[in-house]
Structure formats: structure tokens, C-alpha cells
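For the sequence shown, my numbering begins at 5 and goes up steadily by one. We treat Cβ as the ideally placed atom computed from N, Cα and C, and that holds for glycine. Remarks on the structure that follows.
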Amino acid sequence: GNSVYHFYRNWTEYANGFGDPSEEHWIGNNALHALTSDDAKMSLRILLKNNTADSASVEYESVSVANEDNLYKLQVGKFLGPEGWDAMVHANGQNFSTYDRDNDSGAANCAVLYRGGWWYSQCHAANLNGLNLNGPHDSYADGIEWSVRNGPARLYHYSYPVVEMMIRPAGSTLDRRSLPP
5 GNSVYHFYRN WTEYANGFGD PSEEHWIGNN ALHALTSDDA KMSLRILLKN NTADSASVEY
65 ESVSVANEDN LYKLQVGKFL GPEGWDAMVH ANGQNFSTYD RDNDSGAANC AVLYRGGWWY
125 SQCHAANLNG LNLNGPHDSY ADGIEWSVRN GPARLYHYSY PVVEMMIRPA GSTLDRRSLP
185 P
């Protein structure tokens with residue numbers, strides 16, 4: 005666990021999933037599609053934990069991931085908060101990209117530039133599959149980033165040591181208690 009480059013993987017690995025579910029892992033884009041493609045509306049909660057074990061969570065009313073033929077295009081619904089923390093705004097409506105499959109809308113391959121697989125546009129405000137740099141870092145935007153925190157300023161020099169993306173049926177009771185990191 006905790007390998008810096010754990011999430012710098014190719015298209016096939018992201019399609020099928022990798023890692024140990026009890027530690028660092030990606031469930032797989034095929035599994036994400038299966039979980040989010042039926043008639044039951046699913047919601048997304050993202051938990052971010054910093055070096056001091058403070059945490060924050062953000063929520064989206066709905067989430068869906070298309071199939072591989074449609075490049076695992078991401079759709080997220082209404083942002084439920086907390087206010088000023090919507091870093092998925094640029095990922096919404098984007099195709100998934102990896103270092104060997106450049107599907108972003110930028111001129112450069114964002115997956116190569118920012119060392120992860122993600123729904124990049126030009127390139128990101130969130131990079132939850134970036135390098136595990138474990139806190140503050142000097143490099144630009146290549147860590148496990150959630151750059152929108154408490155307003156419009158972009159913060160690209162902090163890599164979250166722990167991130168969890170959770171999908172559940174929409175309307176489920178979600179615990180909204182959180183502390184900003």
C-alpha cells in the first residue's frame with residue numbers, strides 16, 4: 005500500500021480494477037458502469053482525509069459512468085455541498101483518460117501530465133487518482149488533489165493521504181458531519 009505511483013495505470017487496468025479492496029484499490033470502470041447504469045439512481049459521496057486525520061466529505065445527488073464503448077463518460081448530478089467545494093465541475097461530462105488512452109478535451113494528455121487515470125477536461129480541479137504524495141508537495145497538481153476548497157481559489161499543492169469514493173442509492177441518509185481539512 006501507499007505506493008506513490010499506485011494509480012498511474014493503463015486503460016485495461018482501470019477498466020478491470022486493481023489493488024486490494026482492504027487497502028488502495030480501484031473497483032474498475034466496468035464495475036462503476038454496472039453499479040450506476042440501471043434504473044436505480046445512485047448518489048456519490050467523496051471523503052477526503054488529511055495528514056492530521058481531519059476529514060471533509062462532498063456529495064453529489066447522482067452519478068453515472070457510461071460503458072467502455074462510450075469511454076466511461078462521467079455524469080454527476082447536483083452538487084449537495086458543502087458550498088465552495090465542488091471540484092468535480094470540470095470532470096462532469098468528461099470521458100475517462102489514462103496515459104495510454106487520451107480522451108480529455110485538452111491539447112496535452114492530462115493523464116500523463118498529472119500522473120493518473122481520471123475524467124480530465126483541460127485538465128482538472130480534482131485528481132483523486134493522482135500520485136500519493138502524502139500531504140503538501142512542491143510539484144503542480146499531480147497529487148491526489150481536491151483543489152476547490154472554501155471558494156474559487158485553486159489549491160494544487162496538497163495531496164490527500166486518504167480518499168474514498170462511495171456510491172449508494174440516491175436518497176439514502178448520508179452522514180453530513182465533517183471538518184474541513
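For the candidate residues the options, whose alpha-carbon lies nearest to that of residue i?
i       : options                          : result
Gly-120 : Val-152, Ala-130, Gly-134        : Gly-134
Arg-186 : Tyr-124, Ile-171, Gly-88         : Here the chain covers residues 5 to 185 and nothing more, so residue 186 does not appear.
Val-69  : Phe-100, Ala-57, Asn-14          : Phe-100
Arg-153 : Gln-79, Asn-54, Leu-117, Gly-110 : Asn-54
Is residue i helix, strand or coil by DSSP?
i       : result
Ala-112 : coil
His-161 : coil
Tyr-18  : helix
Trp-122 : strand
Ala-35  : helix
Thr-102 : strand
Asn-131 : strand
Can residue i and residue j be called in contact, C-beta distance under 8 Å?
i       : j       : result
Ala-174 : Ala-130 : no
Tyr-103 : Tyr-12  : yes
Leu-52  : Val-80  : no
Asp-146 : Tyr-118 : yes
Could you tell me if residue i is buried or exposed, where buried requires 16 or more neighbouring beta carbons within 10 angstroms of its beta carbon?
i       : result
Asp-108 : buried
Thr-40  : buried
Glu-1   : The first residue shown for the chain is 5 and the last is 185, placing residue 1 beyond what the model contains.
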